[in-house]
Every structure is written in structure tokens, then in C-alpha cells.
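Visitor: Residue numbers for the sequence shown follow our numbering, beginning at 458 and rising by one.
Here you go, one structure.
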Amino acid sequence: MTTILAIHAHPDDIETLGGGTMALLAALGHRVRIVTVTAGDCGSNETDPAQTARIRRAEAEASAALIGADYRCADIPDLSVFNDDPCRRRVTEMIRWAAPDIVLTASPADYHPDHEAVSVLVRDACFAASVPNYATGDAPILAGIPHLYFMDPIGGRDREGVRVVPDFGVDVGDHFATKQAMLAAHKSQDSWVSKQHDISDHQASMEAWTRRRGRDFGVPLAEGFRQYRHHPYPRTALLQALLGEQLVALVP
Ligand SMILES: [Zn+2]
Numbered sequence: 458m459t460t461i462l463a464i465h466a467h468p469d470d471i472e473t474l475g476g477g478t479m480a481l482l483a484a485l486g487h488r489v490r491i492v493t494v495t496a497g498d499c500g501s502n503e504t505d506p507a508q509t510a511r512i513r514r515a516e517a518e519a520s521a522a523l524i525g526a527d528y529r530c531a532d533i534p535d536l537s538v539f540n541d542d543p544c545r546r547r548v549t550e551m552i553r554w555a556a557p558d559i560v561l562t563a564s565p566a567d568y569h570p571d572h573e574a575v576s577v578l579v580r581d582a583c584f585a586a587s588v589p590n591y592a593t594g595d596a597p598i599l600a601g602i603p604h605l606y607f608m609d610p611i612g613g614r615d616r617e618g619v620r621v622v623p624d625f626g627v628d629v630g631d632h633f634a635t636k637q638a639m640l641a642a643h644k645s646q647d648s649w650v651s652k653q654h655d656i657s658d659h660q661a662s663m664e665a666w667t668r669r670r671g672r673d674f675g676v677p678l679a680e681g682f683r684q685y686r687h688h689p690y691p692r693t694a695l696l697q698a699l700l701g702e703q704l705v706a707l708v709p
């Protein structure tokens, strides 16, 4: 059994960008762990940060439970994720807790500052997690650096509007209903996304994106990923090998 950690900034990011893949991996019998670096406590116009965090943590937990995944929140405040010492130690502690073989995280380029900060923090924390002299909390030091992958940015583009091209895709057609149910667990986000992001239907927007990626891979519904292969991170295609026939290549 392989342990997979999906770690992103806010509750509902993982569902939108990788929920189908997490559902597939869980259905294949792997251990899936989900971490959000924040509780998304700024994501409301109706409740204060503490209430919002409580609501959104419970929603993330309900979503993770649908695929039998563990959920933890690193409890860094929303819009306060930075590439600094306290955040890196906190994220490293989460990675040590999860003890993953594979980590999937935010795209280095994305629309939200927390997403971009999480990406660099997770990249560096994957390295730091196996460094014995780097103190974090009670979680054991990792034996080695896990395999690291980036999810797509929201909308598949960087801040300049340039398309981000995935290395490979996952055909999530068989697990799309689960992906929808996971996103639906984030009930509080319907009104927030409508107001702040001008997206009247959160589910329809997620479906449109998953269909868009599907077209890139010649299947109805897909999610895209890139592997981080820089020294000294593992370069073997560990995640790709788990996906079987659901691993899909870009249509030329
Ligand atoms: Zn987010």
C-alpha cells in the first residue's frame, strides 16, 4: 500500500483540482491523506474567521471521509501563508505526520498568493522532512524525500494567462460522481464563490474545468499533474505507475 498526501491551501482546492484522482487512489486501496494549510477562514461574508474556520474544517473532514481519507489542517491563517520559517516548519510537521510516498500539491504559479506560497513551502518541506536536525514537532523524521507532484493551477493558467501544460493526466470518469460529492461537502463555498469569484455555480465550474482537461487528454473527464524532478527529489514515475489504464497522455 502506498501513502499519498494531497496538500493545498484551502478546503475545496484539492477537490477541484485532484478530487477524482484521490478518489481513484483510495478505491485502489492506497492510504490517502488530505491536508489544508489554512482552514479557509477568510472565505465568507457571513461568518467571522473563527466560525468560518470551524465550518470549513468540518466540510473538509466530511469530504475526506467520503473516500476514507484522513484530514488535517495546518491552521495557518488564510491569506497569511508565506515562505518563512514558522510556515515551513508547520508544513514540514504535516508532511512528517502523513509520512507519504507521494505528495501532490499546489502549482508553483497560480491565481492566489496562498496557493503559490503552499507550492514552494511543500517543495522545500519535502526536502526538510528527512533532515534530522530540522526540528518541527512530535512526528517522526522521514526516511527519505517523497515523490512530489504539482496539481494544475485554477483554470490551468499562470498569472500572465499562459497555459500550464501537465506532464500526464488521470482519467477520472469512473470517480467523477465522488469528486462531485466531495466538492458538494463544501456547502459554505456556494455563496462565497458566487460573491468573490463571480462563479454562480461552483459545481458547474468544477465540471467545466474537468471536462476541459479531459479534452486535452482525449477522455471525457481528467485531471492534470506535473512531476517535480529536480535533484535530489525522486524521479521515478511512482504515481503514474499506480494509475493503470487511468493514466492518460496529452493529445498531440
Ligand atoms: Zn484555494
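Note that beta-carbon positions come from the ideal geometry of N, C-alpha and C, so glycine has one too.
Comparing the CB of D470 with every heavy atom of ligand 1, is any distance shorter than 8 Å?
Guide: Yes.
Visitor: Any chance the CB of H643 is under 8 Å from a heavy atom of ligand 1?
Guide: No.
Visitor: So, A555 versus P597, is the Cβ gap smaller than 9 Å?
Guide: Against a cut-off of 9 Å, the Cβ pair of P597 and A555 comes out as no contact.
Visitor: On the CB-based measure, 16 or more other CB atoms within 10 Å of its CB, does M608 come out buried or exposed?
Guide: By the neighbour-count rule (16 or more Cβ atoms within 10 Å), M608 is buried.
Visitor: Compare the C-alpha of G613 against each of H688, A665 and L640 and name the closest.
Guide: Checked all of H688, A665 and L640; the closest Cα to G613 is A665.
Visitor: Suppose you measure from the CA of F584 to the CA of P603; what does that come to, to the nearest Å?
Guide: Each residue's alpha carbon lies about 8 Å from the other.
Visitor: When we look at the beta-carbon of K652 and count the other beta-carbons within 10 Å, is it buried (16 or more) or exposed?
Guide: So K652 ends up on the exposed side.
Visitor: Which residues does DSSP pair with Y528 in a beta bridge?
Guide: In DSSP, Y528 forms a bridge with I491.
Visitor: Quick check on the DSSP output: the alpha helix (DSSP H) that includes E518 runs from which residue to which?
Guide: It spans P506 to A522 - the alpha helix (DSSP H) in which E518 sits, taken as one unbroken run.
Visitor: Bridge partners for F625 per DSSP, in chain order?
Guide: Paired residue(s): F682.
Visitor: Between the Cα of A510 and the Cα atoms of G476, P570, D469 and R692, which residue gives the shortest distance?
Guide: Here the closest residue by C-alpha is D469.
Visitor: Can you tell me which of the three DSSP states R620 falls into?
Guide: Strand, per DSSP.
Visitor: Leaving out the 5 sequence neighbours to the left and right, which residues in its chain are closer than 8 Å to V579 when beta-carbon positions are compared?
Guide: Excluding residues within five positions, the ones whose Cβ falls inside 8 Å are I464, V548, I552, V560, T562, A563 and L605.
Visitor: Work out the CA separation of C530 and C544 for me, nearest whole Å.
Guide: If you take the alpha carbons of C544 and C530, they lie about 13 Å apart.
Visitor: Quick check: the stretch 655-662 against the stretch 502-517, are there 3 or more CB pairs under 8 Å?
Guide: They do not touch, by the three-pair rule.
Visitor: Taking buried to mean at least 16 other C-beta atoms within 10 Å of its own C-beta, is E702 buried or exposed?
Guide: E702 comes out exposed.
Visitor: Relative to the C-alpha of A496, which residue among H487, E516 and A480 is closest?
Guide: Selected option, being the one with the closest Cα: E516.
Visitor: By how many angstroms is the C-alpha of Q646 removed from the C-alpha of Q508?
Guide: Approximately 14 Å between the Cα atoms of the pair.
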